[in-house]
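Single-structure report; data block below.
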Ligand SMILES: Nc1nc2c(ncn2[C@@H]2O[C@H](COP(=O)(O)OP(=O)(O)OP(=O)(O)O)[C@@H](O)[C@H]2O)c(=O)[nH]1
Ligand SMILES: [Mg+2]
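Protein chains in written order, with our numbering: chain A, 1 to 118; chain B, 1001 to 1203.
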């Protein structure tokens, strides 16, 4: 087993992103949930159509990356394309958890209930 | 080769349609301390792995041309998933603890609820760096002692060796056990809740 993307030919990554090097949006966290708003169409770039099929149900950016075996960086570029064309929507994390700011206690209580019910 | 993870799951188990809030918890620790085992014990799905490309400065690479050059480093990590309720999904990341990966953690820790530092009492020094970084970053954490059957140390000995402050919870666990790993997560979130409540009442 090889780690995804590890032995990836850099030229292939370049092709996948059609030479573009930057995601047009920084909006995608590792756990941003992506949802398809449209079906894949014939002639669409294969990575784009795979993402649209995969994200019929909410799917995190890291899951898309693991499934496509492409680095998160490359996946962010592909997702930006789809977001810009209105083919997906993105549900961003609502934690507001940062080093300086703890998540609010209500959210943590929900997490505790969920964990205790496991 | 890491047989504990699968990069090609036979079946993907989708989330419910109403899922809209992804949360993160990071499990850090030295080589072979049981990170992947713990993720697998509590995850709803088989752990998956992927990678991120980072520059040495800790910046996420947003330039594919950098992947082709030598200016970036690739870091693999694994993760699992726990559905908490109809809207909330917790992602659990297993992050390598070695010093050369600090740039990955800084990225992963942004927006995480908190961290579990997994330690093997036979190799406590392996976790010093992780604890340093967490303290520096201000990320709340707990310490979980994974029992590999080594010599028994008192909690106080371990705290001393880690120079751990009194208010950081420390518990014993067996990462192979689901109830034990679940208890580790609950201990972390209870700690976060106590910190959060204290902060809210101080405001
Ligand atoms: N005795 C004992 N063995 C354990 C425990 N947890 C994990 N192991 C074993 O330790 C070995 C390493 O566990 P992993 O989960 O792969 O460790 P890791 O931290 O993910 O390792 P790397 O990703 O390679 O750094 C495996 O063979 C596990 O079965 C534990 O609580 N007790
Ligand atoms: Mg591992």
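Note that CB positions come from ideal geometry on N, CA and C, so glycine has one too.
Can you name the residues of chain B whose CB is closer than 9 Å to the CB of residue i?
i, result
"residue 72 (chain A)", "1050, 1051, 1052, 1053 and 1060"
"residue 29 (chain A)", "1022, 1024, 1110 and 1111"
Identify, in the order they occur along the chain, each residue of the same chain with its Cβ nearer than 7 Å to the Cβ of residue i, setting aside the five sequence neighbours on each side.
i, result
"residue 33 (chain A)", "58, 59, 60 and 91"
"residue 1155 (chain B)", "1170"
"residue 1017 (chain B)", "none"
"residue 1147 (chain B)", "1172 and 1174"
"residue 1111 (chain B)", "1024"
"residue 1133 (chain B)", "1102 and 1105"
"residue 1164 (chain B)", "1143 and 1170"
"residue 49 (chain A)", "40"
Just to make sure I have the definition right: I need the residues of chain A whose C-beta is within less than 8 Å of the C-beta of residue i. Which are they?
i, result
"residue 1015 (chain B)", "33, 57, 58 and 59"
"residue 1091 (chain B)", "30, 31, 60 and 62"
"residue 1073 (chain B)", "None at all; the shortest Cβ gap to chain A is about 11 Å."
Chain B partners of residue i, CB-CB under 8 Å?
i, result
"residue 112 (chain A)", "1186, 1189, 1190 and 1193"
"residue 116 (chain A)", "1186"
"residue 102 (chain A)", "1140, 1192, 1195, 1196 and 1199"
Please classify residue i as buried or exposed, where buried requires at least 16 neighbouring CB atoms within 10 angstroms.
i, result
"residue 1046 (chain B)", "buried"
"residue 46 (chain A)", "exposed"
"residue 1013 (chain B)", "exposed"
"residue 1031 (chain B)", "exposed"
"residue 1150 (chain B)", "exposed"
"residue 113 (chain A)", "exposed"
"residue 1097 (chain B)", "buried"
"residue 81 (chain A)", "buried"
"residue 1140 (chain B)", "buried"
"residue 103 (chain A)", "buried"
"residue 1114 (chain B)", "buried"
"residue 1122 (chain B)", "exposed"
"residue 1125 (chain B)", "exposed"
"residue 106 (chain A)", "exposed"
"residue 1120 (chain B)", "buried"
"residue 977 (chain B)", "This structure cannot settle anything about residue 977 (chain B), because the visible part of chain B is limited to 1001 through 1203."
"residue 97 (chain A)", "Because residue 97 (chain A) carries a pLDDT of 49, less than 50, the predicted location of this residue cannot be relied on, and the following value inherits that uncertainty. Flag for residue 97 (chain A) reads buried."
What does residue i touch in chain B if you count any residue whose Cβ is under 7 Å from its own?
i, result
"residue 105 (chain A)", "1193, 1196, 1197 and 1200"
"residue 65 (chain A)", "1050"
"residue 108 (chain A)", "1189, 1192, 1193 and 1196"
Going along chain A in order, which residues have a C-beta closer than 9 Å to the C-beta of residue i?
i, result
"residue 1082 (chain B)", "114, 115 and 118"
Kindly list, in the order they appear in chain A, the residues whose Cβ is closer than 7 Å to that of residue i.
i, result
"residue 1095 (chain B)", "Those within 7 Å of residue 1095 (chain B) in chain A number zero; the least Cβ separation is about 12 Å."
"residue 1079 (chain B)", "62"
"residue 1036 (chain B)", "Chain A residues near residue 1036 (chain B): none, gap ~13 Å exceeds 7 Å."
"residue 1019 (chain B)", "33 and 58"
In chain E, which residues lie with their C-beta within 7 Å of the C-beta of residue i?
i, result
"residue 1146 (chain B)", "You won't find chain E in this structure, because its protein chains are A and B."
Among residues of its own chain, excluding the 5 on either side of residue i, which ones have a beta-carbon nearer than 8 Å to its beta-carbon?
i, result
"residue 62 (chain A)", "30, 31 and 72"
"residue 1042 (chain B)", "1080, 1082, 1092, 1178, 1181, 1182 and 1185"
"residue 89 (chain A)", "34, 35, 37 and 83"
"residue 1286 (chain B)", "Chain B is shown from 1001 up to 1203; residue 1286 (chain B) falls before or after that span and cannot be answered."
"residue 93 (chain A)", "29, 31 and 32"
In its own chain, which residues sit with a C-beta less than 6 Å from the C-beta of residue i, not counting the 5 before and 5 after it?
i, result
"residue 38 (chain A)", "87"
"residue 1090 (chain B)", "1023, 1082 and 1084"
"residue 1021 (chain B)", "1087 and 1088"
Shorter than 6 Å, the distance from the beta carbon of residue i to the closest heavy atom of ligand 4, or not?
i, result
"residue 1036 (chain B)", "For ligand 4, the structure offers nothing, since it holds only ligand 1 and ligand 2."
* Chain-ordered residues of the segment 82–94 of chain A with a beta carbon less than 8 Å from chain B -> Contact annotation: in the segment 82–94 of chain A, residues whose CB is within less than 8 Å of a CB in chain B are 91, 93 and 94.
* Against chain B: residues of the segment 37–51 of chain A by CB proximity under 8 Å -> Under the 8 Å Cβ criterion, the segment 37–51 of chain A contributes no residue.
* Near-chain A residues of the segment 1167–1184 of chain B (beta-carbon distance less than 7 Å), N- to C-terminal order -> Those would be 1182, in chain order.
* Every unbroken beta strand (DSSP E) within the segment 1118–1181 of chain B, with a cutoff of 3 residues, ordered by chain -> Those beta strand (DSSP E) runs which fall completely within the segment 1118–1181 of chain B and span 3+ residues are 1141–1146 and 1170–1173.
* Complete runs of the alpha helix (DSSP H) confined to the segment 17–78 of chain A [at least 4 residues] -> Runs of the alpha helix (DSSP H) lying entirely within the segment 17–78 of chain A, each at least 4 residues long, are 46–54 and 61–68 in chain order.
* chain A contacts from the segment 1112–1127 of chain B (Cβ-Cβ distance under 7 Å) -> Within the segment 1112–1127 of chain B, contact with chain A at the beta-carbon level (separation under 7 Å) is assigned to 1112 and 1113.
* To do: Please specify which runs of the alpha helix (DSSP H), each continuous and at least 4 residues long, are wholly inside the segment 1014–1063 of chain B, giving them in chain order.
  => If only uninterrupted alpha helix (DSSP H) runs of at least 4 residues are considered, those enclosed by the segment 1014–1063 of chain B are 1035–1042.
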